[in-house]
């Protein structure tokens with residue numbers, strides 16, 4: 005043991021000085037990206053959360069399976085019947101879920117394409133998180149991306165690759181502006197971003213409906229609230245069986261990582277997100293950082309929207325945004341607001357969503373089970389203490405530290 | 012009540028916070044527990060108060076071994092605790108706070124406020140603790156809030172009162188009052204465990220002094236022991252309580268403040284027409300009780316607060332309208348008074364905090380990209396130079412001890428060329444060893460020709476460093492005096508009286524009766 009160890013270890017007692025009165029346990033969860041060991045508890049916690057969710061999901065499968073329920077009635081006479089039926093139900097559902105999501109190249113491609121917008125929108129939420137902003141507005145930012153990318157896509161007439169690029173940029177810029185507006189409002193007036201983003205979501209949804217009722221956005225000769233399809237010249241090309249959007253999503257993740265960990269702007273974003281007062285004292289322009297943070301978050305949501313309009317579906321409809329904007333929040337949460345985590349969480353959610361449909365088709369288990377699993381995973385991740393309690397991972401040291409911190413001396 | 016602690020040990024994993032501690036608190040005794048931050052004082056008290064389970068050892072009350080599962084048990088056994096951070100509900104009255112948790116009720120759960128108020132009045136007259144039972148906590152000064160905490164403990168019939176760093180939040184006058192209260196409690200038979208790291212206080216009221224270092228009782232001393240002896244016991248080596256410094260080699264006027272006025276958002280004038288000057292090669296100490304405008308003065312110097320009137324000049328250039336970025340760039344170094352709030356980002360590593368206001372300079376970034384190698388080298392160099400005790404440069408600053416956190420802030424501010432160093436409470440909550448080190452560095456910075464402005468509420472620190480002392484009271488500079496001015500005289504100035512003793516430079520002085 006080095007001589008300084010005794011100096012370090014009592015650090016939890018630091019409150020003695022009266023300089024650190026804030027309870028800071030809440031923020032401890034984030035791991036240091038450069039220290040592999042610090043990742044371990046996070047990884048284990050997430051794995052346990054997923055495992056627990058799967059177990060609870062299995063119970064639901066059994067309880068919704070006709071054969072298993074019938075066997076349950078005579079459980080004590082022929083227990084094997086019930087357990088066989090239950091096992092069959094669980095196995096067929098979960099194996100269908102896996103096969104349906106990653107069972108073949110084709111399925112895998114679908115999963116990746118489903119995951120791509122989740123990853124991008126999730127990155128937007130994560131980035132804002134790191135800047136201390138709780139961005140609920142990915143939905144609204146995506147809607148503006150839809151409108152811009154879609155409009156460019158089906159109205160303008162440009163050469164193939166150029167058209168796609170222009171539409172892409174239009175979607176990203178529109179999302180960025182809508183997000184940036186939230187940041188500007190916060191920086192200028194102090195309006196809380198949670199409130200403004202929620203309201204901006206409603207606003208965007210209504211604007212989308214309004215636009216789709218106007219000739220400029222409506223399919224010619226139709227009164228349906230649906231736009232014309234995006235021109236072929238503006239759609240994403242394929243790269244190895246998946247559309248270009250998937251590649252863009254991974255590039256975006258790499259870019260966000262670089263921005264956060266390697267750039268001065270990222271340094272500012274993280275500093276402001278963690279301690280705005282110290283950041284201001286160190287000469288950072290906190291208002292500017294908030295605005296830029298939301299601008300970038302909006303740009304990522306806008307990028308997510310282009311994957312829908314220029315990738316999967318080619319025309320605008322009121323339901324196009326779906327749940328992606330909100331799932332993005334859970335993806336970011338599950339990914340601990342880090343780019344890598346967000347990618348992994350996005351892939352998981354994409355797989356669950358694609359696999360869920362296959363599960364319903366082949367095993368008859370409702371596809372909503374996949375959503376239940378998503379919700380349970382996030383629930384357990386959001387409540388790490390619960391998971392630790394379930395698995396008795398809580399070490400005596402960490403438990404006591406919390407108390408020592410609470411009462412200085 | 013006689014309280015004995017026998018072989019009390021607490022381990023957190025492999026770390027032993029308290030190692031077989033033996034203490035005896037006799038009835039009616041003020042027992043001082045002296046130790047640096049992180050020495051294990053709080054762990055010990057948390058065990059005594061039922062917040063932590065001892066790993067080994069016993070607590071014995073009047074010969075009977077006891078175990079405390081929760082503070083409730085400890086309170087029932089006659090132990091009361093006044094925490095450093097008060098556990099009061101700000102919007103409740105004094106009486107309501109005192110009865111909180113065991114409210115007297117009449118009939119259908121109607122609170123009997125009168126009874127509670129009577130209890131408070133009775134205790135306050137018995138122990139000479141002046142408190143109005145009907146006053147709201149949020150309207151009371153900190154010193155009075157502390158009295159409420161004491162009354163709360165006494166209302167539970169506490170026989171042993173634990174005061175955890177009670178003077179950290181008090182003004183010198185309030186400290187004197189608290190000591191009087193402690194003596195009164197003692198006269199009436201209450202024992203007090205007085206936790207502190209301030210030597211002067213220990214000597215003033217203590218009957219017995221136990222020194223804790225690294226989780227062990229390293230010795231006991233009578234209050235007649237000298238401060239040097241006590242400090243050595245506490246730190247474990249010889250310490251220099253007085254900073255060695257040459258006479259100041261005073262140069263040109265570097266920073267000048269003229270008629271500076273700041274009005275806070277509630278419309279109060281918190282800084283009133285302040286005029287001051289700091290010269291190169293000199294330490295200007297700003298003394299005063301907390302909350303007399305020092306915070307605003309410092310923030311205005313840095314551009315964190317926009318002055319409503321007046322001018323700030325650096326080397327003759329008007330910097331009144333500068334923001335923090337420009338002020339820092341112009342060569343002002345800043346050690347904020349509340350380091351965890353303004354000084355560092357707790358989640359950030361030592362390495363990152365060491366460039367918190369330098370990341371945009373050429374050395375540490377190129378375009379948008381951070382230069383990780385340079386940042387790493389800088390961290391290694393500063394950690395070595397300032398003897399920052401950290402596991403690695405990657406360790407989050409939050410998990411360092413207070414002294415080392417402060418060293419990170421100081422190291423960062425000293426790592427660029429400065430014209431002016433503004434340090435507010437540079438050693439608050441810092442252990443003796445680090446105080447010594449930080450003081451030396453401040454003097455070294457002065458000797459390099461920097462104009463140093465030190466704001467401190469601790470007169471000891473002002474005396475240790477300052478070449479000139481400006482005293483602030485009620486938003487004004489009420490006097491600028493030499494370092495040889497006696498403590499009493501400065502104390503009077505701090506209390507707002509006797510402003511006429513020495514003329515303040517260029518500003519009208521205020522005399523308060």
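Protein chains in written order, with the numbering used here: chain A, 5 to 413; chain B, 12 to 524. Don't be surprised by glycine CBs; every beta carbon is placed ideally from N, CA and C. Since we're looking at a predicted model, the values are computed, not measured.
Query	Result
Could you check what DSSP says for residue 29 of chain B in three-state terms: helix, strand or coil?	strand
For residue 376 of chain B, which of helix, strand or coil comes out of DSSP?	strand
Closer than 7 Å, Cβ to any Cβ of chain B: which residues of the segment 249-276 of chain A, in chain order?	266, 267, 268, 269, 271 and 275
Roughly how far, in whole angstroms, is the beta-carbon of residue 56 of chain A from the beta-carbon of residue 332 of chain A, given that I think they are within contact range, below 8 Å?	The pair is not a contact, with the Cβ atoms about 23 Å apart (cut-off 8 Å).
Are the Cβ atoms of residue 62 of chain A and residue 179 of chain A separated by less than 8 Å?	no
List, in order along the chain, the chain B residues whose C-beta lies closer than 8 Å to that of residue 281 of chain A?	352 and 353
Could you give the first and the last residue of the continuous alpha helix (DSSP H) run that contains residue 425 of chain B?	Taken as a continuous stretch (DSSP letters only), residue 425 of chain B belongs to no alpha helix (DSSP H), as it is neither H nor E.
Against residue 380 of chain B, what residues of chain A qualify as contacts under a CB-to-CB distance less than 7 Å, listed in chain order?	266 and 267
Against chain B, does residue 200 of chain A count as a neighbour if the rule is that its beta carbon must be under 8 Å from one of theirs?	no
Check whether the Cβ of residue 318 of chain B lies closer than 8 Å to any Cβ atom in chain A.	no
From the beta carbon of residue 30 of chain B, is the nearest beta carbon of chain A less than 8 Å away?	no
Any idea which residues DSSP pairs residue 438 of chain B with across the strands?	Answer is none; residue 438 of chain B lacks a bridge partner.
Taking only beta-carbon positions, decide if residue 14 of chain B is within less than 8 Å of chain A.	no
Which term fits residue 98 of chain B, buried or exposed, when burial requires 16 or more other beta carbons within 10 angstroms of its beta carbon?	exposed
Starting from residue 99 of chain A, find everything on chain B with Cβ-Cβ shorter than 9 Å and list it in chain order.	Neighbours of residue 99 of chain A on chain B: none; closest Cβ ~42 Å, over 9 Å.
Less than 8 Å between the CB atoms is what I'm expecting for residue 325 of chain B and residue 341 of chain B, so what's the real figure, rounded?	6 Å
Under the DSSP definition of a beta bridge, which residues are partnered with residue 220 of chain B?	B:43 and B:232
Can you find a CB in chain A that lies within less than 8 Å of the CB of residue 376 of chain B?	yes
Does the contact criterion of 3 or more C-beta pairs under 8 Å hold for the segment 312-322 of chain A versus the segment 389-404 of chain B?	no
Against residue 278 of chain A, what residues of chain B qualify as contacts under a CB-to-CB distance less than 9 Å, listed in chain order?	356, 357, 358 and 359
From the DSSP secondary-structure annotation, give me the bridge partner or partners of residue 186 of chain B.	Paired residue(s): none; residue 186 of chain B is not in a bridge.
Name, please, each residue of chain B whose Cβ falls closer than 7 Å to the Cβ of residue 287 of chain A.	335, 336, 339 and 368
Can you tell me where the alpha helix (DSSP H) holding residue 294 of chain A begins and where it ends?	290-310
So residue 321 of chain B and residue 364 of chain B are in contact, right, with Cβ under 8 Å, and what is the actual spacing, rounded?	With 8 Å as the limit, residue 321 of chain B and residue 364 of chain B do not qualify as a contact, their Cβ atoms being about 33 Å apart.
Determine the DSSP secondary structure at residue 69 of chain B, reduced to helix, strand or coil.	strand
Of the choices A:216, A:237 and A:234, whose alpha-carbon is the least far from that of residue 227 of chain A?	A:216
Determine the direct distance from the alpha carbon of residue 331 of chain B to that of residue 273 of chain A, and round the result to whole angstroms.	28 Å
Should residue 405 of chain A be flagged as near chain B, meaning a C-beta pair shorter than 8 Å?	Its pLDDT being 30, under 50, residue 405 of chain A is placed unreliably by the model, and nothing is read from it.
Answer yes or no: do residue 148 of chain A and residue 182 of chain A have a C-beta to C-beta separation smaller than 8 Å?	yes
If you compare alpha carbons, which of B:201, B:376 and B:259 is closest to residue 14 of chain B?	B:201
Residue 347 of chain B CB to nearest chain A CB: under 8 Å?	yes
Anyone know if the C-beta pair for residue 483 of chain B and residue 292 of chain B falls short of 8 Å?	no
Determine, using beta carbons only, whether residue 371 of chain B comes closer than 8 Å to chain A.	yes
Taking residue 23 of chain B as part of the beta strand (DSSP E), name the residues at either end of that continuous run.	14-23
Could you give the residue range of the beta strand (DSSP E) that holds residue 263 of chain B?	Residue 263 of chain B -> no beta strand (DSSP E), and no H or E assigned at all.
Can residue 203 of chain B and residue 190 of chain B be called in contact, C-beta distance under 8 Å?	no
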